[in-house]
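From first to last, the protein sequence lines stand for chains A and B.
Per our numbering, the very first residue in the first sequence carries number 1; after that it's consecutive.
Per our numbering, the very first residue in the second sequence carries number 1; after that it's consecutive.
Notes for the one structure printed next.
Protein chains: 2
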Amino acid sequence: MATIVDVAREAEVSVATVSRVLNNSTSVLPKTREAVLEAIEKLNYKPNLLGRNLRRSQTKMILVLLPTVSNPFYSGIVKGIEDIGHKNGYNIMLCNTNSDYQREKTYLELLKNKLSDGVIFMAPELNEEELSEIGSKYPAVQCCEYKEGACVSHVSIDNYKAAYEIVSHLIELGHRRIGLIGSKSNCISSIQRHEAYKRALEDNGIQFDTDLVGYGNYSYKRALKAAKALLSRDDRPTAIFAISDIMAIGAIRAAKEARLRVPHDVAVAGFDNIDFASMYDPMITTIAQPRYEMGCVAMELLLKQIKGELDEPKSIMLDYNLIIRESTKVDTLK
Amino acid sequence: MATIVDVAREAEVSVATVSRVLNNSTSVLPKTREAVLEAIEKLNYKPNLLGRNLRRSQTKMILVLLPTVSNPFYSGIVKGIEDIGHKNGYNIMLCNTNSDYQREKTYLELLKNKLSDGVIFMAPELNEEELSEIGSKYPAVQCCEYKEGACVSHVSIDNYKAAYEIVSHLIELGHRRIGLIGSKSNCISSIQRHEAYKRALEDNGIQFDTDLVGYGNYSYKRALKAAKALLSRDDRPTAIFAISDIMAIGAIRAAKEARLRVPHDVAVAGFDNIDFASMYDPMITTIAQPRYEMGCVAMELLLKQIKGELDEPKSIMLDYNLIIRESTKVDTLK
DNA sequence: ATACCTCATGTAATCCATTACATTTATGAA
DNA sequence: TTCATAAATGTAATGGATTACATGAGGTAT
């Protein structure tokens with residue numbers, strides 16, 4: 001494989017000149033540049049980025065940590081991250097942590113070992129202190145999920161406000177007994193969506209009732225089971241707010257198995273607006289997060305840090321969208 | 001940031017000795033090793049992998065090219081690739097090509113620039129010649145989709161046999177008018193599934209009828225439209241074979257909108273067994289590919305190439321599984 | 001005691017590109 | 001013509017690790 005030395009020899013110039021041509025740095029005589037380009041072409045030379053990266057102490061590589069790529073929620077975000085990244089010459093390393101603390105730690109070694117110029121956390125497993133430490137040493141951004149106390153920038157939506165809005169929608173439809181399919185995880189989105197649910201009820205004079213709360217922990221199967229339990233009660237809820245679309249699908253399935261019609265007998269709302277929310281039968285009322293944009297903004301924020309243009313952590317909240325579909329609103333049915 | 005020189009100074013040994021401790025290469029006196037480890041600990045030293053990689057001419061990084069991570073079909077495969085990769089000290093770079101030829105080419109520069117030790121194609125855009133060239137110069141494997149003529153190993157299932165089997169299942173249920181929702185893409189899976197459909201009909205004395213073929217090109221929306229057209233015919237099919245689960249969902253939706261019951265009025269079968277196939281209502285009959293295993297085998301094959309243990313391309317076919325669910329079989333209904 | 005070998009460790013070359021600094025050549029002003 | 005300055009190019013140091021080869025200490029066989 002040809003190296004810069006071979007090119008220099010072929011073009012009868014020094015390696016410095018070749019490097020200058022490669023990087024359009026200082027001026028090179030047109031004739032010389034031509035000769036170098038010819039030599040590059042002739043030898044089919046490709047710069048070895050390992051050498052360049054070592055010298056420049058950068059890798060143009062970004063670490064993106066997420067629980068699992070199989071969750072369709074993340075795909076749009078990843079596209080945003082990639083697009084902005086590529087536009088700036090960065091490549092993305094997508095890594096599944098499986099929500100495992102150790103695995104996340106292992107991946108972070110790539111930062112410490114200089115194999116990555118920065119990191120975007122989609123759902124950090126580290127605690128606030130550890131996150132802050134990473135944030136103080138390396139460019140880092142949290143996207144979607146975040147730890148409030150951590151000294152690391154984040155991009156997200158206002159989960160509290162969005163959940164409040166969707167529960168209010170159910171209340172406006174006349175529902176008074178509204179169940180919740182939530183999660184025991186203590187990620188910020190769970191906590192805020194729970195709280196908003198409670199608060200929306202109370203603000204409308206509806207007593208919060210722990211019996212109407214089930215836990216699905218973001219899994220279809222467990223949501224199905226939890227919803228079944230809720231719906232088999234004598235005083236079953238007439239509406240269910242699931243804090244993710246996948247769990248909403250579980251809830252709808254549970255309703256169907258209990259021979260209840262959605263939304264006539266029980267209305268169901270989800271959260272996230274994954275592709276399947278509009279493919280399901282009935283189509284699911286949900287909160288659309290600006291996924292692509294969130295990815296873009298997160299990456300832009302990271303790039304700023306890499307360039308040293310950001311002196312203190314930023315917290316960016318983007319707009320969401322309540323999308324009303326068949327699963328809650330009778331008259332939207334065909 | 002501490003370097004190996006700092007550690008050597010601190011431990012009062014040479015850099016060679018530090019390196020030996022780091023790599024457990026040749027013998028080092030226990031006392032010396034102890035001193036080195038202490039220095040490493042004290043300075044919180046982490047080897048700079050850029051230096052190591054340059055010297056060793058390897059990156060322990062694998063490029064995985066797929067159309068888009070948002071397709072849930074790929075997630076299981078990626079897990080297999082990751083698991084085997086990590087077990088062997090490799091990291092994965094997942095890259096979305098968006099089925100774009102240029103983008104795929106761009107990513108392949110990472111191989112040429114030595115930033116990646118090998119590549120796994122999930123659905124190559126390159127032509128056979130270009131693939132063969134990559135395969136001759138770098139470790140490479142095709143997984144799931146592949147170009148038959150390319151001189152690059154591949155791991156897949158027998159798409160032809162699987163499709164033949166699922167169409168036979170529909171025929172056994174008594175269907176004679178069976179529609180196809182396929183794709184105009186000329187990837188091997190489309191072609192083979194189409195051919196098998198045709199052949200299965202003919203082998204059972206059913207005339208192949210182009211009027212019963214619609215094209216969805218792997219998209220929900222287009223499959224919905226194509227299925228609507230098929231189902232609005234006077235001589236509408238009583239069964240539909242969609243060559244992907246997502247398109248099967250489109251077909252089911254089309255049936256529902258036409259007030260046809262699935263499977264009573266029209267049976268629908270898919271392909272891939274994505275998670276949503278068993279979450280949909282009705283649950284979808286489909287072919288389960290051994291996704292995780294395919295990922296594992298692909299990665300193992302790649303590692304063999306990297307180690308130079310593979311002299312010629314291998315073609316590995318794994319077993320699939322026909323899973324019969326509600327969407328085709330009346331008596332499996334609750 | 002001599003020659004030879006082994007083990008532990010050190011010295012310095014190496015991987016490949018970038019870049020600070022040095023050198024040469026050309027240009028223009030005085 | 002001479003000196004100062006700018007432009008083009010070259011030389012060599014640099015980034016951080018690995019590793020071939022060199023060295024010296026200690027052990028063994030004769």
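Beta carbons: idealized from backbone N, C-alpha and C, even for Gly.
- The DSSP-derived three-state label of A223(B) is helix.
- A buried status is given to H194(B), since no fewer than 16 other beta-carbon atoms sit within 10 Å of its beta-carbon.
- Look at the segment 285-314 of chain A and you find these whole runs of alpha helix (DSSP H), each 4 residues long or longer: 291-306.
- The beta carbon of M247(B) sits no closer than 8 Å to any beta carbon of chain A.
- At a cut-off of 8 Å, the C-beta of Y220(A) has a neighbouring C-beta in chain B.
- At least one CB of chain A lies nearer than 8 Å to the CB of S70(B).
- Note on geometry: alpha-carbon atoms of T328(B) and L170(B) lie some 7 Å from one another.
- Taking 8 Å as the Cβ-Cβ cut-off, the segment 88-99 of chain B approaches chain A at N91, I92, M93, L94, C95 and N96, given in chain order.
- The segment 211-219 of chain A makes no contact with the segment 274-285 of chain A: fewer than 3 CB pairs, one atom from each, lie closer than 8 Å.
- Chain B places no beta carbon closer than 8 Å to that of K228(A), leaving this residue out of the contacts.
- Proximity to L65(B) across M122(B), Q305(B) and Y164(B) peaks at M122(B), based on C-alpha coordinates.
- In chain order, F276 make up the part of chain B whose C-beta sits under 7 Å from the C-beta of F276(A).
- Within the same chain, V266 come within 6 Å of L260(A) by CB-CB distance, once the 5 residues on both sides are set aside.
- Looking at the backbone, the Cα of K314(A) and that of E148(A) are separated by about 12 Å.
- The residue among L49(B), P124(B) and Y107(B) with its C-alpha nearest the C-alpha of Y90(B) is L49(B).
- At a beta-carbon threshold of 7 Å, the residues of chain B lying near V78(A) are V69, ordered along the chain.
- Around the beta carbon of Q207(A), a 10 Å sphere encloses fewer than 16 other beta carbons of the protein chains shown; the residue is thus reported as exposed.
- As DSSP reads the structure, G118(B) sits in a beta bridge with I62(B).
- Residues of the segment 241-271 of chain A with a Cβ closer than 9 Å to any Cβ of chain B, in chain order: I246, I249, G250, I252, R253, K256 and E257.
- Counting along the chain, the unbroken beta strand (DSSP E) around Q142(A) starts and ends at A140 to C143.
- Between the beta-carbon of G80(B) and that of Y220(B) there is about 26 Å, and that puts the pair past the 8 Å contact cut.
- For the C-beta of G51(B), the chain A residues within less than 8 Å are, from N- to C-terminus, L54.
- Between the C-alpha atoms of V141(A) and L108(A) there is a straight-line separation of about 13 Å.
- In the DSSP secondary-structure assignment, M317(B) is bridged to S156(B).
- When secondary structure is reduced to three states using DSSP, I81(A) falls in the helix class.
- In the displayed model, F73(B) falls within a helix according to three-state DSSP.
- By a beta-carbon distance limit of 8 Å, A223(B) contacts A242(B). Their separation comes to about 6 Å.
- In this structure, the straight-line span from the alpha carbon of Q305(B) to that of G295(B) is close to 16 Å.
- CA-to-CA, the gap between I246(B) and A255(B) works out to about 14 Å.
- The beta carbons of K112(B) and K46(A) sit closer together than 8 Å.
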